[in-house]
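Residue numbers (our numbering): 550 to 804.
Glycine included, C-beta positions come from ideal geometry on N, C-alpha and C.
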């Protein structure tokens, strides 16, 4: 669920509130995200080096839905690709190359529906650094109308063996492995990292994996979240960085 929640939050920010006002009917972006997850799960196949899923996708939607979704521009196919990268990491799927997503209009598709096709596209030597968006063939697009362009996202190259180590309080020294794409930190017992500190909110912050690495994201806490003394709603974190939640401190460490 965390992957889809992060997906919707980032899209809301991309269109400055348009999402909440205009997407109460018709095809919803989160439906496409769930469709990609289901398609990958349904078409996975076992190979000698693991479970492989498609990494190239084409989504066809009605012209009316396409006109609405076009408000998101290139952000929508890019974020859909991010969903696949994160889901593959969570479920242990292998990707033969960068994830590519394209959304096209098709008069043969009914309003509120979609058609989805995917395939495995192997890149020699495996996925490398994040690729630049590759323009699709066809007519020119207006500067902010790039929904029809293929968006390319490579799997994260963040270190595979990371932990969050508690540095203060009664839990000092405790270590929690960093797995999947999202970990929550707070006073609530349901958080991945529980901190018994009155200055820490019940769900204080989250450690979120994005294409360029890990980010510390404040979840609307009372006392805020800082990284190495700098307070902000979202900050990139690397091994050795100290994340401060109220008076509590955790450190991102390798190993």
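query                                                                                                                                                            : result
Taking only the alpha-carbon atoms, compute the straight-line gap between residue 652 and residue 795 and give it to the nearest angstrom.                       : 43 Å
Are residue 634 and residue 644 close, meaning C-beta to C-beta below 9 Å?                                                                                       : yes
Sorted by chain position, which residues of the same chain lie with C-beta nearer than 8 Å to residue 789's C-beta, five sequence neighbours on each side aside? : 800, 801, 802
Starting from the Cα of residue 666, find the closest Cα among 641, 728, 798, 591 and give me that residue.                                                      : 591
Short check: CB of residue 727 to CB of residue 713, under 9 Å?                                                                                                  : yes
At the level of alpha carbons, what is the spacing between residue 780 and residue 764?                                                                          : 13 Å
So, with DSSP's three-state summary, where would you put residue 603?                                                                                            : coil
Inspect the beta-carbon positions of residue 748 and residue 777 and report whether they are closer than 9 Å.                                                    : no
Does residue 647 come out as helix, strand or coil in the three-state DSSP assignment?                                                                           : coil
On a CA-only basis, which of 775, 642, 610, 669 is nearest residue 598? Give me that one, please.                                                                : 642
Figure out for me which residue from 746, 758, 719, 724 has the closest Cα to the Cα of residue 730.                                                             : 758
When you compare each of 593, 555, 740, 753 to residue 579 by their alpha carbons, which one comes out closest?                                                  : 555
Can you give me the C-alpha to C-alpha distance between residue 668 and residue 741, rounded to a whole angstrom?                                                : 35 Å
Kindly indicate which residue of 724, 746, 751 has the alpha-carbon position closest to the one of residue 737.                                                  : 751
So for residue 670, helix, strand or coil by DSSP?                                                                                                               : coil
Strictly by DSSP, which residues pair up with residue 829?                                                                                                       : Residue 829 is absent from the structure shown; the chain starts at 550 and stops at 804.
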